[in-house]
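Before any comments, here is the structure.
2 protein chains.
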Amino acid sequence: MPTAADSSISQGTRKSNEGDERTMDGLVKRVQQGGLVPKNSTVILGLSGGPDSLTLLHILKELESPENLNIVPVHVNHQLRENADSEERHAAEICREWNLPCRVRRIDCRSIARAQKCSVEEAGRTARYRIFDEVAEELLQEGVPKERIRIALAHNADDQCETLLQRIVRGTGIRGLAGIPSTRRDEKGYAIVRPLLSTSRKEIEDYAAEHALRPNYDESNDSVEYTRNRIRRELIPYLEKYFNPGVKEALQSLAEIAGPEENYMEEQARTALAALQREAPQDERILDANGLRVLHSAIIRRVVAQVIRECSGDENLRYTIVENVLNILKSENPSASVNLPGGWRAERRYEELVFRKVAPDDEHAMEGRHHLRVQVLKKDSAAFEDVRNAQKEIVPCAVLDYDKLCREYPEPEKKLMLRTRKAGDRIGIAGGKHKKIQDYMVDRKIPKEYRDWLEMIAIGREILWILPNSGIPNEVEQKKGRISQKYQIEEGSKAFLFLEITDCL
Amino acid sequence: MPTAADSSISQGTRKSNEGDERTMDGLVKRVQQGGLVPKNSTVILGLSGGPDSLTLLHILKELESPENLNIVPVHVNHQLRENADSEERHAAEICREWNLPCRVRRIDCRSIARAQKCSVEEAGRTARYRIFDEVAEELLQEGVPKERIRIALAHNADDQCETLLQRIVRGTGIRGLAGIPSTRRDEKGYAIVRPLLSTSRKEIEDYAAEHALRPNYDESNDSVEYTRNRIRRELIPYLEKYFNPGVKEALQSLAEIAGPEENYMEEQARTALAALQREAPQDERILDANGLRVLHSAIIRRVVAQVIRECSGDENLRYTIVENVLNILKSENPSASVNLPGGWRAERRYEELVFRKVAPDDEHAMEGRHHLRVQVLKKDSAAFEDVRNAQKEIVPCAVLDYDKLCREYPEPEKKLMLRTRKAGDRIGIAGGKHKKIQDYMVDRKIPKEYRDWLEMIAIGREILWILPNSGIPNEVEQKKGRISQKYQIEEGSKAFLFLEITDCL
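Following this line, the structure appears as structure tokens:
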């Protein structure tokens, strides 16, 4: 709660246009000192109109004159919620009041989702980032130098702490503990910054109240996210009550420690890798195994993980995959080998560690080990509604209608198999029909060398879920896999079979 | 569950004395390959007789001939539990059956606890480790070379995962995520090893059942630990159910990743520190601030943390303390300073970062920020019994009788102050009397330069809890602090005031 002293300080701020730092609001000053929005920047601000983005806009406005900022609020109307249009008007109105040129963009999330066969949330997210890049390109055209442009997003410390907890429980290394980055370059090279990443949701709400901002309180894209919601509403309050009332700050500190350490270790590993790498034919990477073995064990693991990531394009390496490669490095068997994601394989070739793309007729086995979570949820269970929404997440999970499944297979949860393709495999498609997996692979243009690598959840020859795989060209299926439409859940579904993959490095 | 194939393999093991590795039990082989108990070692094994230590003993016995191990089981009778003596007989009997020379030692935990003014659990733990060292010294006398001696303890993967969760929720850096080390040297330089650290409690129990071992199932020293128990019985099952059934494996992997990374980063920081250090008078450490500033931010933080740890002797640095020093390093104020634990201070002296022991008459302020958890628990609350035991933990917490407090101070939980000493401060001692804090400090031989640094929880001039501080020579109070005896809880206590410090680096 703001004390009398606090509020007199903040009143000072509102009057201050002379850039007197001593009279500035704590939060404004913190953003200023964070250095993510340097003087003379042009800041594209994702303005949903919610408390986070509206607070960030207000802070930038406070900084505007002393910092000579050029603020470009961008409101993306997702045309999803009933009051989407009134929210658009509201955002535009605030910008008008504050004398800022608001750019409004409308996207049709539902059409994009249909076209790209992804969830509307995901369609919205992709389109939103694309729009920020488009605005950045426009600014470039208008003569703003690229290095002055910042895309500012209003993620806060609570988002950060939820991300960390989610990763810790699902499985992560130091990489994942670094959390949401406060600054990064997007694919087009624009700097994305998050100036509120160390500010709590509570501080933001206090700021918004104190400055009489009028945010749209229900504009939140992740309110539909299953795991995230349970973390926010249940796990964190539980941890605060029984273990540590400062658990959020503790997690935030952990991210602040892990971020630079991750960055440093990756740099060290990159240097080591460069020195170990030998000339190799295309689709092959060769490392000096002896040179690798004498390095510090932490560096060995990171070098191996870097190579696998680069080969496979898989950013979410499972721990066991890296361990398997480390084992063949240690192995006394000079021809040990291990399968990697994306149709690659690591092999010992005497004193070389070789990563190569394998032909599909190579002998192979299922690599690594998945943690597949299987749950049957009845309509009266607390998690039922959450899980209905979980399928829309980016997280690799599948939600199927349990009763439909039972009609074909009594106790289907006991019959699930995780395996690669077999002759005669088929998957349910729209209209109650089936498609051969072979045809699916052709339709989806999955390269031949990947086809024997795709993992699937099957009952007999019926495929319920083709697991996410970097070999699937379709972006959504690469991340979510492909779920049988035959057992798709509907409005009236009374029970779900919930499948989820966890444990990433 | 062991399948038919499994059990035929393990029968093979039991018969095998020829060291044929192919017929060896999986767990035996894993211990062998872990390399923590090399061939020709002499292994001092802490044998409580519980499933963990009995399984470890059985595994070492299986390895005995091929590895030429010399197994020395040591049973410590803590003389606490009703059946302590029958457990002693049981352990001795098993060793006789297996033809191993069991050494039995008895300790009087209650007397030690009274003498050292610590909990019986802590007294037991310290005495246990001391006994292992004594046995090691005996072996040395008998002609066993020191480098061949291993002190083997039977901590398992579940212990590891509980430790990690406890640290994550309380606050930790990468250091804490490294968890329980699988190998370390104790103060006398003996190697302590934990060959079962990557084996789950379930695997151990399966092994014990399969091999018809007869463990004492209730011998567990941490069964009385509050936080640990809630993590084991409540938090982990909850995370397994709603987030990830493989959460324990995920945490174990995290420890296995963090361990070597911690070790590597510390090495890097040590090298950097050596290069930055300048000649300094006693009780002072001087670093080249410019040289420090140009390093990678992860290394800067670690160098600073190393120096603070070395100065203060405080191994559990809070995040904010290190951050404060980093801030004065960045500060444009050439004479910024910050207080450190143990009566030290970090100062900018132009281009030097100086750590020096300060005189007690120096102006000072309360450093860092504690997360002090305050809870009032009534007898009918679920946590009541747990909390009664929590006071016996090593964790910095204080449990006071709430009703006794209320008789002196209505709503005492609202009147708590965290501060350093003031004239006239007193603390309750046995017999309903008070002692001046000044006298306490003299009695406890607290060096003068520390006295103004001790933090206390007070109501008015009455001290309820002197917080743990590295400046207190008494080992227990260094870790637990000193709690007022006036409000000590008793059998009939109906409500507790529970105070706990969290958030360590």
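Taken in sequence, the protein lines are chains A and B. FYI, in UniProt numbering the residues of the first sequence are 1 to 505. FYI, in UniProt numbering the residues of the second sequence are 1 to 505. Glycine residues also receive a C-beta, built at the ideal position from the N, C-alpha and C atoms. Quick caveat, the model's predicted, so the values are computed rather than measured.
- Spanning the alpha carbons of A/R130 and A/I149 requires a straight line of approximately 15 Å.
- Within chain B, E261 have C-beta atoms less than 7 Å from the C-beta of A/M265, given in sequence order.
- By the beta-carbon neighbour count (other beta carbons within 10 angstroms, threshold 16), B/E162 is buried.
- Taking a contact to require three or more Cβ pairs closer than 8 Å, the segment 247-254 of chain A and the segment 262-282 of chain A do not qualify as touching.
- Residue environment analysis places A/N77 among the buried positions, since at least 16 neighbouring C-beta atoms fall within 10 angstroms of its C-beta.
- Setting aside the 5 residues that flank it on each side, B/G259 is surrounded in the same chain by A178, each with a C-beta closer than 6 Å to its C-beta; the list follows chain order.
- For the segment 163-175 of chain A, residues whose beta-carbon sits nearer than 7 Å to a beta-carbon of chain B comprise I168, V169, R170, G171, T172, G173, I174.
- Contact check between the segment 226-240 of chain A and the segment 161-175 of chain A: three or more CB pairs, one atom from each, fall below 8 Å, which counts as touching.
- The continuous alpha helix (DSSP H) containing B/I257 extends over residues 247-276.
- A distance below 8 Å separates the beta carbons of A/V72 and A/R103.
- Residue pairing by DSSP places A/H434 opposite A/G428 in a beta bridge.
- Going by DSSP, A/F355 is part of the beta strand (DSSP E) stretching over 352-357.
- In the same chain as B/R461, and ignoring 5 residues on each side of it, the C-beta atoms closer than 8 Å to its own belong to K422, G424, D425, R426, in chain order.
- As summarised for the segment 142-209 of chain B, the continuous beta strand (DSSP E) elements at least 3 residues long and confined to that stretch are 149-152, 183-185, 191-193, given in chain order.
- Rounded to whole angstroms, the separation of the alpha carbons of B/C397 and A/N70 is 51 Å.
- Counting along the chain, the unbroken alpha helix (DSSP H) around B/R407 starts and ends at 402-408.
- The DSSP-derived three-state label of B/V76 is strand.
- In the DSSP annotation of this structure, the continuous segment of the alpha helix (DSSP H) that includes A/V322 starts and ends at 319-330.
- Near chain B, meaning a CB-to-CB distance below 7 Å, the residues of the segment 228-242 of chain A are R230, L239, Y242.
- Burial state of B/G50 is buried, judged by a 10 Å Cβ sphere holding 16 or more other Cβ atoms.
- The continuous alpha helix (DSSP H) containing B/I236 extends over residues 236-242.
- For A/T55, there is no enclosing beta strand (DSSP E); the enclosing alpha helix (DSSP H) has its first and last residue at 51-67.
- Contacts with chain A at 8 Å (Cβ-Cβ) include B/H296.
- Under the Cβ distance rule, B/V387 does not count among the residues neighbouring chain A, no pair being separated by less than 8 Å.
- Excluding its 5 nearest sequence neighbours in each direction, A/P215 has C-beta neighbours in its own chain below 7 Å: G49, G50, P51, L54, A208, listed in chain order.
- In the structure shown, B/Q375 adopts extended strand secondary structure according to DSSP, grouped into three states.
- Using a CB distance cut-off of 8 Å, A/S253 counts as an interface residue toward chain B.
- Listed by position along chain B, the residues whose Cβ is nearer than 8 Å to that of A/Y402 form an empty set, because the closest Cβ is around 18 Å away.
- For A/V247, the C-beta contacts it makes with chain B under 7 Å involve V169, in order along the chain.
- Contact check for B/E256 against B/R175 fails: the beta carbons are separated by 8 Å or more.
- For B/I459, the enclosing beta strand (DSSP E) starts and ends at 456-459.
- For B/S337, the enclosing beta strand (DSSP E) begins and ends at 337-340.
- Among the residues of the segment 70-93 of chain A, none has a Cβ less than 9 Å away from any Cβ of chain B.
- Bounds of the beta strand (DSSP E) holding B/V104 are 103-106.
- In the DSSP assignment, the residues bridged to A/M417 are A/A458.
- A Cβ-Cβ distance of about 6 Å is found for the pair B/R293 and B/L329, placing them in contact under the 8 Å criterion.
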